[in-house]
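A short worksheet on the structure shown next.
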Amino acid sequence: MPRHRAALPLTLAGVTALVLAGCTSAQGAPGGSDDDGLRIVTSTTVYADLAQQVVGETAAVEAVIDSAAVDPHDYEATARDGLAVRDADVVIMNGGGYDAFMDGLIESAGVEHVIAAVDFHHGSGDHEDGAEAEEHDHGHDHGHDHSFNEHVWYDPHTMIHLVEGIAAELADLAPETADAAEEGSAALISALEDLEARLNEITDDHAGDTVFFTEPVGGYFAAAAGLEDVTVDGFAEAVENGEGVAPAVLNDALKAIEGGEVAVLIANAHTGGSETDRVIAAAEDSDVPVVEFTETVPDGSDYVTWMTDNADALADALS
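Set out below in structure tokens:
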């Protein structure tokens, strides 16, 4: 049978490579080396890219995890990370237990201004401790809730609220950056709205098509594209938690895929195991397209381009 794994581009030439080039410790505040400028540290390149697009040249942005090859679930903070967070004026993280390595860094550094993306996620009745975006809650208790899908950066609408929150936080903290942040956030929000429109197009063409996840990373994204999640209960959760998938659960998953109940399989490129390999092989043998999503922004890309590539790969797989 033909193989249908939809590969996503990991590098992009030209201007997109410049966006994340500024998301390192080498990027200075206005002028490139002003130690008195605002410093932002994020947990991953996802939030570094979004923050950099908001602040432009008015602040330095650094990501603790700055490589697409690193899985944030397994990351252990270093002394260098501690120094970076200690010097930060603002820390941006995912929360929800996803980037738990940040909690100790923030506590040790005593950072006052902490922005957690999960606090901007609306519409999830399962997550009861998320604060409204307007409240700018700086509490650091974002323990892992297994009933909540913490991969909120795969929800473009949540990222719109987050971008608004970043701009508002910076306007309060450094009023001299407010105009630049407002301009940057407006441009980014426009691009995110275009991404939402692309997902609406997929919904128009494929609403009700079924999707199976090896791990919950793309859940919000697929839902925004109108897809119905038919993942067998217990499969994705076991993979995400690094546990073995129960034989009965694996058997049900293979039956669903081989029986034509699945239109597309979404695999997390950062997680795997024998059970994941088996369902991917079953999908390929059954002519079910496989799309791989990554946890972090591919090297050389930016958030909007990355998510647009994901949307295109998903649309191509379903067509």
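Taking the UniProt record's numbering, the leading residue of the sequence shown gets 1, the next gets one more, and so forth.
Just so it is clear, CB atoms sit at the ideal spot from N, CA and C, and this is done for glycine as well.
Treat the numbers as computed from the prediction; the structure is a model and nothing was measured.
Item to check | Terminal residues of the beta strand (DSSP E) in which Glu62 lies | outcome: Translated into positions along the sequence shown, residue 62 becomes position 62. For Glu62, the enclosing beta strand (DSSP E) begins and ends at 59-65.
Next on the checklist: DSSP has Leu265 in a bridge; who is on the other side?
Outcome noted: For the purposes of this step, residue 265 is taken as the residue at position 265 of the sequence shown. In the DSSP secondary-structure assignment, Leu265 is bridged to Phe212, Val290.
Checklist entry - For the region 171-211, which segments carrying the alpha helix (DSSP H) assignment without a break, of at least 4 residues, lie completely within its bounds, in sequence order? => result Correct list: 178-206.
Checklist entry - Quick one: what's got a C-beta closer than 6 Å to Ala174's C-beta in the same chain, skipping five residues either side? => result To locate residue 174, count along the sequence shown from 1; it is residue 174. Exclusion of the five residues before and after Ala174 leaves Leu38 as the residues of its chain whose Cβ lies within less than 6 Å of its Cβ.
Checklist entry - Does the distance from the CB of Ile117 to the CB of Val41 come in under 7 Å? => result Indexing the sequence shown from 1 puts residue 117 at position 117. Indexing the sequence shown from 1 puts residue 41 at position 41. One point to set straight first is that residue 117 is Ala, not Ile, in the sequence displayed. No, the Cβ-Cβ distance between Ala117 and Val41 is not below 7 Å.
Next on the checklist: On the CB-based measure, 16 or more other CB atoms within 10 Å of its CB, does Ala283 come out buried or exposed?
Outcome noted: Along the sequence shown, read from residue 1 onward, the residue named residue 283 stands at position 283. That one is buried.
Checklist entry - Is there contact here, the region 183-202 with the region 163-174, by at least three beta-carbon pairs under 8 Å? => result Segments in contact, yes.
Checklist entry - Anyone know if the C-beta pair for Glu240 and Ala267 falls short of 7 Å? => result Taking the first residue of the sequence shown as position 1, residue 240 is located at position 240. Taking the first residue of the sequence shown as position 1, residue 267 is located at position 267. Result no, Cβ atoms of Glu240 and Ala267 do not sit closer than 7 Å.
Next on the checklist: Quick check on His142: buried or exposed, where buried means 16 or more other Cβ atoms within 10 Å of its Cβ?
Outcome noted: Counting from one through the sequence shown, the residue named residue 142 turns up at place 142. Any reading at His142 needs caution, since the residue's pLDDT is 41, under 50, leaving its predicted position unreliable; the model's value is listed next. The residue is buried, with at least 16 neighbouring Cβ atoms inside 10 Å.
Item to check | Contact set for Met102: own chain, Cβ-Cβ below 8 Å, skip 5 residues either direction | outcome: Position 102 of the sequence shown, counted from the start, is the residue given in the question as residue 102. Ser43, Val64, Ala77, Val85, Val91, Met93.
Checklist entry - Mind checking whether Val232 and Ala222 have CB atoms under 7 Å apart? => result Counting from one through the sequence shown, the residue named residue 232 turns up at place 232. Counting from one through the sequence shown, the residue named residue 222 turns up at place 222. In this structure, Val232 sits away from Ala222, with a CB-CB distance that is not shorter than 7 Å.
Checklist entry - So Ser43 is in the beta strand (DSSP E); what residue range does that whole segment cover? => result Position 43 of the sequence shown, counted from the start, is the residue given in the question as residue 43. Boundaries of the beta strand (DSSP E) around Ser43: 38-44.
Item to check | Straight-line gap, Asp295 to Ala178 (C-alpha atoms, nearest Å) | outcome: Counting from 1 along the sequence shown, the entry for residue 295 is found at position 295. Counting from 1 along the sequence shown, the entry for residue 178 is found at position 178. Sequence inspection shows Glu at residue 295; the Asp mentioned does not correspond to that position. If I take the Cα positions, the gap works out to 31 Å.
Next on the checklist: Could you compute how far the alpha carbon of Val70 sits from the alpha carbon of Gly300?
Outcome noted: Counting from one through the sequence shown, the residue named residue 70 turns up at place 70. Counting from one through the sequence shown, the residue named residue 300 turns up at place 300. When rounded, the separation of the alpha-carbon atoms in Val70 and Gly300 is 15 Å.
Item to check | Three-pair Cβ contact test at 8 Å for the region 189-202 versus the region 257-276 | outcome: Not touching, per the Cβ criterion.
Checklist entry - On the three-state DSSP scale, how would you describe Val245? => result As a working mapping, residue 245 is identified with position 245 in the sequence shown. Reduced to three states, the DSSP call for Val245 is coil.
Item to check | 8 Å contact criterion, which Tyr220 and Asp119 should meet: CB distance rounded | outcome: As a working mapping, residue 220 is identified with position 220 in the sequence shown. As a working mapping, residue 119 is identified with position 119 in the sequence shown. That belief does not hold up - the Cβ atoms of Tyr220 and Asp119 are roughly 15 Å apart, past 8 Å.
Next on the checklist: So for Val70, helix, strand or coil by DSSP?
Outcome noted: Within the sequence shown, residue 70 is the residue found at index 70, counting from 1. In this structure, Val70 counts as coil in the three-state DSSP scheme.
Checklist entry - Ala100: buried (16+ other C-beta within 10 angstroms of its C-beta) or exposed? => result Taking the sequence shown and counting its residues from 1, the one referred to as residue 100 is at position 100. Classification of Ala100: buried, given that the 10 Å Cβ count is 16 or more.
Item to check | Where the beta strand (DSSP E) containing Asn118 begins and where it ends | outcome: For the purposes of this step, residue 118 is identified with residue 118 of the sequence shown, where counting begins at 1. Note that residue 118 corresponds to Val in the displayed sequence, not to Asn. That residue, Val118, is in no beta strand (DSSP E); it is neither H nor E in DSSP.
Item to check | Cα-Cα separation between Ile115 and Ile106, rounded to whole angstroms | outcome: Mapped onto the sequence shown, residue 115 falls at position 115. Mapped onto the sequence shown, residue 106 falls at position 106. Computed Cα separation, rounded: 11 Å.
Item to check | Endpoints, the alpha helix (DSSP H) within which Val239 is located | outcome: Here residue 239 is taken as the residue at index 239 of the sequence shown, counted from 1. Val239 -> alpha helix (DSSP H) spans 235-240.
Next on the checklist: On the CB-based measure, 16 or more other CB atoms within 10 Å of its CB, does Asn310 come out buried or exposed?
Outcome noted: Against the sequence shown, residue 310 aligns to sequence position 310. Buried, because 16 or more other Cβ atoms sit within 10 Å of the Cβ of Asn310.
Checklist entry - Excluding the five sequence neighbours on either side, which residues of its own chain have a C-beta within less than 6 Å of the C-beta of Gly234, listed in chain order? => result Locating residue 234 in the sequence shown gives position 234, counting from the first residue. Annotation for Gly234: Val249 place their beta carbon closer than 6 Å to its own, counting only its chain and skipping 5 residues before and after.
Next on the checklist: Let's see if you can read the secondary structure: which residues bound the beta strand (DSSP E) around Val152?
Outcome noted: The residue given as residue 152 occupies position 152 in the sequence shown. Careful: Val152 lies outside any beta strand (DSSP E) and carries neither H nor E.
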